[in-house]
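Residue numbers (the working numbering): 1381 to 1694. Here's the structure we're looking at; comments come further down.
Below you can see the structure in the form of structure tokens.
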């Protein structure tokens, strides 16, 4: 299949590499001349414009930040192939691409480093790759085509709606980026804290090293869901603050922390046995909502797995 990848940063560059390694014909484009040059020097075909890149392609994968997406979409006029994206917020992208052949996507993969130089073909191996499936707005054939493409890269394809995705990523990605930034800012005012910081600080602040523009774009683009989750989590922090003032703060905090400790030790849940999945929108959404994923696509035959959520991993 001929596939155009628009935007050759960490995710787009890794997608270009992975698709080429899987045997697809790929062409890339990036607005930055230096990035285009670097990709070309790495042996990839690089177009001089979006229109040139998508001409003759069956699929166009958009890997640009949300604020840039409208101008890229404008350059797709006349392209009648399938469009997907890797943007970390799905509702606004779904609305922007309304009327086109479009299936929203989001690979849950990345690093704190960015740019084509940081890209790698194996980035998506084993990752969860959201493919949005809207009951009244997604062509199932297009969805299956992309599900086959991305499971072929080693990803686990998760079918959910855009709204369900945006709520979930606010919880497990967007808000954690903001919390990490708040924790990391403490280094600015307390050099001693930086000297004493060890594992818990390192693990809790790793994504604070992400380019601020990228974090701001994903959080700002998902503002409603992020605000709701921030409000909920701030409420829990205030409860912990109140617990510290009780006659038995240790007991109160222990009761609050125990469910979180159990949930973290149980994550990630062990995958259940492979099972056939009906090629049906309702069945696929039920799989995604249960925490499951598609592992294999053979035409219209699907294989999926569900997590064994009642098991604790060592």
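Glycine included, C-beta positions come from ideal geometry on N, C-alpha and C. This structure is a prediction, so every number in the text was calculated from the model and none was measured.
Taking the CA atoms as reference points, residue 1426 sits about 6 angstroms from residue 1409. Rounded to whole angstroms, the gap between the alpha carbons of residue 1552 and residue 1562 is 16 angstroms.
Restricting attention to 1493, 1654, 1663 and 1620, the CA atom closest to the CA of residue 1676 is found in 1654. Judged by pairs of C-beta atoms under 8 angstroms, the region 1461-1473 touches the region 1435-1443, as three or more such pairs exist. When beta bridges are read from the DSSP output, residue 1467 appears opposite no residue.
In the structure shown, residue 1424 adopts coil according to DSSP, grouped into three states. For the 8 angstroms CB-CB criterion, residue 1508 and residue 1673 form a contact. In this structure, residue 1480 and residue 1437 do not form a Cβ contact; the two beta carbons are roughly 14 angstroms apart against a cut-off of 8 angstroms. Residue range 1485-1487 is occupied by the beta strand (DSSP E) that includes residue 1486. Judged by DSSP in its simplified three-state form, residue 1599 adopts helix. As DSSP reads the structure, residue 1512 sits in a beta bridge with 1540. Setting aside the 5 residues that flank it on each side, residue 1472 is surrounded in the same chain by 1601, each with a C-beta closer than 6 angstroms to its C-beta; the list follows chain order. Here the alpha carbons of residue 1482 and residue 1627 stand approximately 57 angstroms from one another.
Straight across, the Cα-Cα distance linking residue 1566 with residue 1407 is about 44 angstroms. Residue 1474 is a Cβ neighbour of residue 1484, given a cutoff of 8 angstroms. Taking the Cα of residue 1402 as reference, the smallest distance to any Cα among 1506, 1536, 1532 and 1452 is reached at 1532. Around the beta carbon of residue 1647, fewer than 16 other beta carbons lie within 10 angstroms, which makes this residue exposed. Rounded to whole angstroms, the gap between the alpha carbons of residue 1678 and residue 1659 is 11 angstroms. Just so you know, the alpha carbons of residue 1680 and residue 1657 end up roughly 10 angstroms apart. Boundaries of the beta strand (DSSP E) harbouring residue 1408: 1405-1409, taken from the DSSP string.
In this structure, the straight-line span from the alpha carbon of residue 1560 to that of residue 1618 is close to 18 angstroms. Fewer than three pairs of CB atoms, one per stretch, sit closer than 8 angstroms, so the region 1515-1525 makes no contact with the region 1579-1595.
In this structure residue 1542 is buried. Its beta-carbon is surrounded by 16 or more other beta-carbon atoms within 10 angstroms.
When C-alpha distances from residue 1591 are compared across 1547, 1512, 1500 and 1445, the shortest belongs to 1445. Secondary structure note for residue 1440: its beta strand (DSSP E) is the uninterrupted segment 1439-1442.
Following the DSSP letters along the chain, one finds residue 1384 inside the beta strand (DSSP E) bounded by residues 1382-1386.
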